[in-house]
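Scroll down for the structure; my scribbles are underneath it.
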Amino acid sequence: MLRTMLGAMSLMQLVKQFGSTRRFCLGLMVVGQGVLWWRAIYWYPQLPERFPIHFNFAGEPDGWADKSIAMWLMLPGISLVMLAFLGGISYWMGSLVRNTPGLVNVPRKDLFVKMSVAGRMTVVAPTQTFLAWVLALMTFLFVWIVEGTGRVAVHEDATVAVWPVFIFLVGVLGVLPFYWVATSRRLTDAAMREGLIPRPSNNAVS
């Protein structure tokens, strides 16, 4: 009974931990979207008749377009499409976990499909948090592009800085190993709690 209670408490702590992190990332994304649309609306009246829409690897403009509200708001619009796409994946993943767990890409799928729905949800919690993190980073990357484009268009800057792209890549790729380790740990812990694999012995060997 005590072991069952401790297992339930541990499960609640895991859900709370990743739920809080995910809410933080989603909060960042909402703030980023607000800043993105604010800066897009701010810059539009100041744009010249032609403004840059593409930059080379040095951050220099090499593509131009005639001024129009549709063309200027295309980038913020793309950010909303990406948000809906990745958010849809996260929502769809929850449906897969409940109905067709065999389609979810996780380590030790043989154990995953035997778990309860609650156990499987703890396993995919790191994945959903990772998607929320990517959404937050991507939103602020769009903010940087819109801000840089506006500044170059009105000749406040000659080029767009390229270093934020590397920050974005590091932010995404750098957390992948931790995400994979967290997923593997959650799967092992959930499998032990549900009796699918034995717990390690506490007997010390002298």
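Position in the sequence shown (from 1) plus 331 gives the number in the working numbering. No residue lacks a Cβ here, since even glycine has one placed at the ideal position from N, Cα and C.
*Given that a residue counts as buried once 16 or more other Cβ atoms are within 10 Å of its Cβ, and exposed if not, what is Pro407?*
buried
*Cutoff 8 Å; reference Leu427; Cβ partners in own chain excluding five residues on either side*: Leu434, Val435
*What did DSSP end up calling Gly481 once you bin it into helix, strand or coil?*
helix
*Taking only the alpha-carbon atoms, compute the straight-line gap between Glu478 and Arg353 and give it to the nearest angstrom.*
27 Å
*Does DSSP put Phe388 in a helix, a strand or coil?*
coil
*Going along the chain, which residues of its own chain have a beta-carbon closer than 6 Å to the beta-carbon of Gln377, five neighbours each way excluded?*
Val485
*asked:* Checking 8 Å against the spacing of the C-beta atoms, do Cys356 and Ala463 come in under that value?
replied: yes
*Where does Arg381 sit, in a helix, a strand or coil, going by DSSP?*
strand
*Just reading off the alpha helix (DSSP H) that Ile400 is part of, what are its end residues?*
400-403
*Out of Ser515, Tyr373, Glu380, state which residue places its alpha-carbon closest to the alpha-carbon of Gly450.*
Ser515
*For the alpha helix (DSSP H) that Lys440 lies in, which residues bound it at each end?*
440-443
*Give every residue of the same chain whose Cβ lies closer than 7 Å to the Cβ of Gln538, excluding the five residues on either side of it in the sequence, and list them in chain order.*
Lying outside 332 to 537, the shown extent of the chain, residue 538 is not represented and no answer is given.
*For Gly358, is the classification buried or exposed, using 16 other Cβ atoms within 10 angstroms of its Cβ as the cut-off for buried?*
exposed
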